[in-house]
Structures are given as structure tokens and as C-alpha cells.
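Inspection log for the structure reproduced underneath, given as C-alpha cells.
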DNA sequence: AAGCTATTTGGCAAGTTTGACAAATAGCCA
DNA sequence: TGGCTATTTGTCAAACTTGCCAAATAGCTT
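Residue numbers (this note's numbering), protein chains in the order written: chain A, 60 to 157; chain B, 60 to 157.
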């Protein structure tokens with residue numbers, strides 16, 4: 060796999076994560092699997108909008124879903140994606156030192 | 060700082076990283092500081108486009124710059140942003156197990 | 001089948017991103 | 001000052017994103 064392909068792949072995953080609502084979703088799913096309506100109630104946006112955010116994360120293979128009766132439960136595949144948090148905090152702490 | 064603010068902040072940083080060219084830049088800057096023309100030659104895009112990619116990374120406080128004569132050298136502030144790489148590889152390896 | 005709940009998809013408007021070209025700026029050196 | 005190199009900024013078009021509403025789908029339960 061070329062470096063080019065690697066950058067393209069990683070950009071795809073980072074892009075999928077790069078939205079406040081989607082980061083909230085990942086954080087929540089780290090604790091437990093959730094269905095769409097549950098997440099909508101927590102965030103307070105339209106169900107259709109929540110469904111699309113979940114589709115974006117799923118498309119990037121960060122989460123997957125399984126249907127139980129008429130509900131769809133989403134599950135975080137790779138909790139380590141949230142490890143970036145530590146680094147981000149460090150970055151933030153450095154601001155102002157410019 | 061509220062969780063809301065944290066997600067917004069992290070989304071801003073991830074979004075700045077979420078482009079193949081910008082990931083290449085970060086990887087390169089991890090090895091050594093570079094000026095704009097150098098990076099343009101490596102990537103093969105317009106100098107103005109490269110300058111804007113660098114501005115996006117700088118605006119997110121991931122890199123900074125200092126001018127030496129008529130060249131601007133860019134410097135990676137927090138090499139750990141690239142640690143996500145490992146996790147991404149893990150994610151990638153998991154694909155297909157769906 | 002009809003009614004119900006949960007979720008996804010179509011379509012649209014407003015806003016953002018990307019990349020290129022041209023023009024502007026900044027700083028060197030003669 | 002004028003010419004030179006390096007970089008940034010203005011402007012534009014094409015493409016993409018986000019959020020909402022309405023309509024479609026999926027799967028229970030009666």
C-alpha cells in the first residue's frame with residue numbers, strides 16, 4: 060500500500076470523526092451500544108440528521124450496526140480512535156505560547 | 060470547560076488534519092521543518108494551494124511558522140497528532156470482518 | 001391487512017471546502 | 001529604486017456538508 064493511499068484512507072477516517080456531534084456519539088458508544096432514538100434524545104437534533112451522522116461513521120468503518128426488532132443498535136468498533144483526545148489536550152495547552 | 064466545547068475543539072483539530080495532503084505535510088514536518096516551496100515540490104500542487112493547506116493547520120494550532128529571510132519555515136508543534144496512525148491501521152485491518 | 005414505532009432516504013437551502021489563476025505583499029540584493 | 005524570489009490573498013467555479021421536512025421503508029402487534 061502506497062503512502063498516498065495511506066493518507067487518503069486516514070483522511071477519510073479523520074474526516075468522519077471531525078464533527079462535534081459525531082465525537083459525542085463515539086464517546087457515548089464507548090460506554091455502551093445505543094440506538095438512533097436514544098442518541099437523538101441526548102443530542103437534541105432531528106432523527107434523520109442523527110441517522111446520517113451514524114451512516115457517515117459506519118461508512119468509515121468506525122462503528123457498525125445490528126438490528127434488534129425495529130431498533131438499530133450502533134457499536135464502536137475501535138475505541139482507540141478516541142485516544143487522540145490526550146494529544147488534543149496537549150495541543151490546546153500549548154496555545155498561547157505562540 | 061464543557062464537553063460540548065471539548066467536542067467542538069477536537070472536531071476543529073481533526074477537521075484540519077482530515078485531508079491527504081495535510082497528513083502528508085504533518086508526516087514530513089515530523090522529520091524536519093520545511094518551507095512552502097519545498098512542500099509544493101514534494102506534493103506537486105500550486106504554491107497558493109499549499110500555502111492555504113498550511114494556513115489551515117496553523118489556524119488549528121497544529122503547526123507554527125517562522126520567517127527566515129524571504130522563506131517561511133513551518134514546524135510541527137505536537138508530533139503526537141500522528142499517533143492516530145496506529146489506531147487507523149487497526150481499524151483498517153478490521154475491515155472485512157463485518 | 002392496518003396501525004404503530006423506529007429508522008432511512010429524497011430533496012432542498014445555506015454554508016463550507018478545494019483547487020486554480022492572477023494579483024498583492026514581503027524581504028533580499030544589486 | 002528596481003528586479004528577484006517566496007509567500008499570501010482575492011476571486012471564482014465545482015463539489016461537498018449540514019440540517020430540516022416530508023416521504024419511504026422495515027418490522028412489530030393486533
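Where is the CB? At the ideal position from N, CA and C, for every residue including glycine.
Asked                                                                                                          : Found
Where residue 144/B falls: helix, strand or coil (DSSP)                                                        : helix
Beta-carbon proximity check, residue 119/A vs residue 71/A, cutoff 8 Å                                         : yes
Cross-chain neighbours of residue 114/B in chain A, by beta carbon under 7 Å                                   : Per Cβ cutoff of 7 Å: no residues; residue 114/B is ~14 Å from chain A at best.
Separation of residue 134/B from residue 96/A, as counted between CA atoms                                     : 44 Å
Euclidean distance between Cα positions of residue 67/A and residue 82/B                                       : 9 Å
Partner residues on chain A for residue 67/B, Cβ-Cβ distance less than 9 Å                                     : 79 and 82
Among 61/A, 100/A and 137/A, nearest to residue 90/A - alpha-carbon criterion                                  : 137/A
Nearest-angstrom Cα separation, counted from residue 77/B out to residue 99/B                                  : 18 Å
Rounded distance between the beta-carbons of residue 130/B and residue 94/B, thought under 8 Å                 : 4 Å
Limits of the alpha helix (DSSP H) - the one that residue 101/B falls within                                   : 95 to 102
Delimiting residues of the alpha helix (DSSP H) encompassing residue 85/B                                      : 79 to 90
Segments assigned alpha helix (DSSP H), at least 4 residues, entirely inside the segment 106 to 133 of chain A : 106 to 118
Best match in 61/B, 107/B and 111/B for proximity to residue 75/B [C-alpha to C-alpha]                         : 111/B
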